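Protein chains: 2
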Amino acid sequence: MTESQSQKPDYERELRNAGVRITRPRRVILGILSDAGDHPDAMEIFRRAVAIDASISLSTVYRTMKLLEGVGAIHRHAFEGGPSRFEPAIGEHHDHLIDIETGDVIEFQSDRIEELQQEIARSLGYDIVHHRLELYGRKRRKR
Amino acid sequence: MTESQSQKPDYERELRNAGVRITRPRRVILGILSDAGDHPDAMEIFRRAVAIDASISLSTVYRTMKLLEGVGAIHRHAFEGGPSRFEPAIGEHHDHLIDIETGDVIEFQSDRIEELQQEIARSLGYDIVHHRLELYGRKRRKR
DNA sequence: AATGCAATTGCAAATCGTTTGCAACTGGAA
DNA sequence: TTCCAGTTGCAAACGATTTGCAATTGCATT
Ligand SMILES: [Mn+2]
Ligand SMILES: [Mn+2]
Ligand SMILES: [Zn+2]
Ligand SMILES: [Zn+2]
């Protein structure tokens, strides 16, 4: 396997090109997002950021998330109940299954479902701009 | 077509059986929900309620929605951005397509997608408790 | 029909997640 | 280095929803 497909996005480059200033707080937040394997919310990102640079504020986390969402660098999820959660917009599209007991988020992907969504939308005279598919469930009890 | 399948749910009966007290505010709110053809939010329900009984409070609307959701009489939707929106839990299950330009909500149903969701969940070792499928799109530009 | 009391209400204040005004600060082009 | 528009931290504001509390009211019981 070559490293042609980096797992961690080079945000700094990407953002510079988008004409965004790379500041200290942003560099810290970008680093956190780059190697987050989960779907942290703003407060969690803030905690991780403060551990690196105590002067970072929650406001800046929120402002940065909004900016990154705006340039398409991250995705915002509004899972049931809780606050917005984020993840880098790398790799192929996927949807989520949320374990309603543990809160675990499991990713999955179904070309078939994606196709069907398109069909449905167009049969209704619409083009899909984006969508949201979330399954909420619990581990199947062993039989 | 007979009237064997009532379009408007008989909430009062349903709730009495569930051991819920039928108060004046509740009766008004239930009436509004019964013949709401749309997906109103709490504030909208409040407005419609006040038009019938000026003494109803927004708190009571919120408390009643929570109660009705709890007994499964209504569904709560958290469409992108806005506040929670509600609809009677009658008829067959359906999902929604939201017109991102007008805010219109269009209902649709796909047995195929529902099946695929089940398959996916069980392949991941889960039972689906509920799910959420929302398509956000815009009217296809006429070609 | 009158009684009794837990359930329900309206109101105001609180809460939660998020946004914003503002004065101080800083990245990075020149 | 200078310079200033962009960015920051802070505190206050925000919108949606929830909650404490004292007053009211369903409704089961006499
Ligand atoms: Mn994900
Ligand atoms: Mn609907
Ligand atoms: Zn998808
Ligand atoms: Zn569905």
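Just so you know, the protein sequences line up as chains A and B, in that order.
Read in order, the letters of the first sequence correspond to residues 1 to 143 in this note's numbering.
Read in order, the letters of the second sequence correspond to residues 1001 to 1143 in this note's numbering.
Even glycine gets a Cβ: it sits at the ideal position worked out from N, Cα and C.
As the structure is a computational prediction, the values presented were derived from the model and not from experiment.
For the segment 1022-1056 of chain B, no residue has a beta-carbon sitting nearer than 8 Å to a beta-carbon of chain A. The segment 1020-1040 of chain B makes no contact with the segment 117-131 of chain A: fewer than 3 CB pairs, one atom from each, lie closer than 8 Å.
Chain-ordered listing is empty here: chain B has no CB closer than 7 Å to the CB of E92(A), the nearest sitting near 16 Å. Annotation for A89(A): G72, A73, I74 and H75 place their beta carbon closer than 7 Å to its own, counting only its chain and skipping 5 residues before and after.
DSSP links I52(A) through a beta bridge to no other residue. Taking CB atoms only, V1020(B) has no neighbour in chain A less than 8 Å away. Distance from the C-beta of L1067(B) to the nearest heavy atom of ligand 4 is not below 7 Å. Around the beta carbon of M43(A), fewer than 16 other beta carbons lie within 10 angstroms, which makes this residue exposed. For A78(A), the chain B residues whose C-beta falls within less than 8 Å of its own C-beta are A1078 and E1080, listed in chain order. Among the CB atoms of chain B, none fall inside 8 Å of the CB of A89(A).
For V1061(B), not one C-beta of chain A is nearer than 8 Å to its own C-beta. Not one heavy atom of ligand 2 falls within 7 Å of the beta-carbon of E1092(B).
If only complete runs of 3 or more residues are kept, the segment 1061-1103 of chain B shows the beta strand (DSSP E) at 1074-1077, 1085-1088 and 1095-1099, in order along the chain. For V129(A), the neighbours in chain B by C-beta distance under 8 Å run, in chain order, I1100, Y1136, G1137 and R1138. Excluding its 5 nearest sequence neighbours in each direction, R1138(B) has C-beta neighbours in its own chain below 8 Å: D1099, I1100 and E1101, listed in chain order.
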